[in-house]
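Notes follow the structure.
In this note's numbering, the protein residues as written are 2 to 268.
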């Protein structure tokens, strides 16, 4: 696996792959790769001829007081994980490479960015859309793989691609969970032992909400049930519990760590 640090070299490399007739799979990440990321890489490797993983902790999507400076990083571990899962290239630019000066241009996706994470983190999705647009422009035509754990983010990226006619096919991949049902996340490392033991309440709440919908209860009733179950956990501070279309979504804080999760109404 080749590590690339500059925009010019990354774009040139993937252009050469396409010129040789190979289909490019792109897996954008913020690093500290876990099995959920590895699953994205494996799916990309199964469906494409060459896979490029990007690692960039994007400052634009962190608001004041969020965990930018302490966000977990492990480049050596990331290299091993990405290569073992089937990546041929690892793009790891410095912040000054991605943003050499003050950023005057950002991408805002109305509608899909509203509510849920957009309400809790008002500047977050503009930062996400901006860096993903930049990565798409650098990488060029490809299939881009994103996990469904960040469900709202996936919808934001899909809308941006459609509205701005990016030559990108966005592929959503199923959530990968630990044995107790907790969705894998780089932020899980922040949880204390007791907080980690309490975290499965999110999955239990989603399942209860899904079952309520299956039994004919209204989305409002299902959302209220999820909120009640999460609020009953002493170590969980509820942020939201909502049903949007055919998706159930929850977020809560466990100590200083904020976790999100979601589930389709039919599974």
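Note that beta-carbon positions come from the ideal geometry of N, C-alpha and C, so glycine has one too.
Quiz item: Which one of 255, 221 and 246 has the shortest CA to CA distance from residue 234?
Solution: 255
Quiz prompt | Selected residue, minimal CA-CA separation from residue 84, among 110, 35, 112 and 98 | solution = 35
Self-check item: As assigned by DSSP and simplified to three states, the class of residue 176
Solution: coil
Quiz prompt | Given residue 119 as reference, the closest of 264, 73 and 241 once Cα atoms are compared | solution = 241
Quiz item: Taking C-beta to C-beta, are residue 210 and residue 226 nearer than 8 Å?
Solution: yes
Quiz item: Within 10 angstroms of its Cβ, does residue 280 collect 16 or more other Cβ (buried), or is it exposed?
Solution: The requested residue 280 is not part of the displayed model; the chain covers only 2 to 268.
Self-check item: Unbroken beta strand (DSSP E) run spanning residue 242, endpoints
Solution: 237-245
Quiz item: Sorted by chain position, which residues of the same chain lie with C-beta nearer than 6 Å to residue 236's C-beta, five sequence neighbours on each side aside?
Solution: 196, 199 and 255
Quiz item: residue 196 bridges to which residues according to DSSP?
Solution: Note: residue 196 sits in no beta bridge, so no partner.
Self-check item: DSSP bridge partner residues for residue 5 (one or two, in chain order)
Solution: 92
Exercise. With DSSP as the reference, please indicate the residues paired to residue 67 in a beta bridge.
Key: Bridge partners of residue 67: none, in fact.
Quiz item: Do residue 207 and residue 251 have their CB atoms nearer than 8 Å?
Solution: yes
Self-check item: Status (buried if at least 16 other CB within 10 Å, exposed otherwise) for residue 103
Solution: exposed
Quiz prompt | Spatial neighbours of residue 213 in its chain, beta-carbon cut-off 8 Å, leaving aside the 5 residues before and after | solution = 222, 223 and 226
Quiz item: What is the residue span of the beta strand (DSSP E) that residue 264 lies within?
Solution: 258-265
Quiz item: Do you know how far the Cα of residue 72 is from the Cα of residue 137?
Solution: 23 Å
Quiz item: Start and end of the beta strand (DSSP E) containing residue 137?
Solution: Here residue 137 belongs to no beta strand (DSSP E); instead the alpha helix (DSSP H) covers 125-140.
Quiz item: Excluding sequence positions up to five away, which residues of its chain have a Cβ less than 7 Å from the Cβ of residue 52?
Solution: 26, 28, 42, 45, 46, 87, 88 and 89
Quiz item: By a C-beta neighbour count over all protein chains shown, 10 Å radius and 16 as the cutoff for buried, is residue 13 buried or exposed?
Solution: exposed
Quiz prompt | C-beta contact flag for residue 202 and residue 176 at 8 Å | solution = no
Quiz item: With DSSP run on the structure shown, which of helix, strand or coil describes residue 166?
Solution: coil
Quiz prompt | Option nearest residue 219 by Cα separation, candidates 239, 205, 249 and 191 | solution = 249
Quiz item: In or out: residue 77 buried (at least 16 other Cβ within 10 Å) or exposed?
Solution: exposed
Exercise. Would you check if the distance between the CB atom of residue 7 and the CB atom of residue 123 is smaller than 8 Å?
Key: no
Quiz item: Exposed or buried, what is residue 113 when buried is set at 16 or more other beta-carbons lying within 10 Å of its beta-carbon?
Solution: buried
Quiz prompt | Of the residues 204, 162 and 171, the one placed nearest residue 180, counting alpha carbons only | solution = 204
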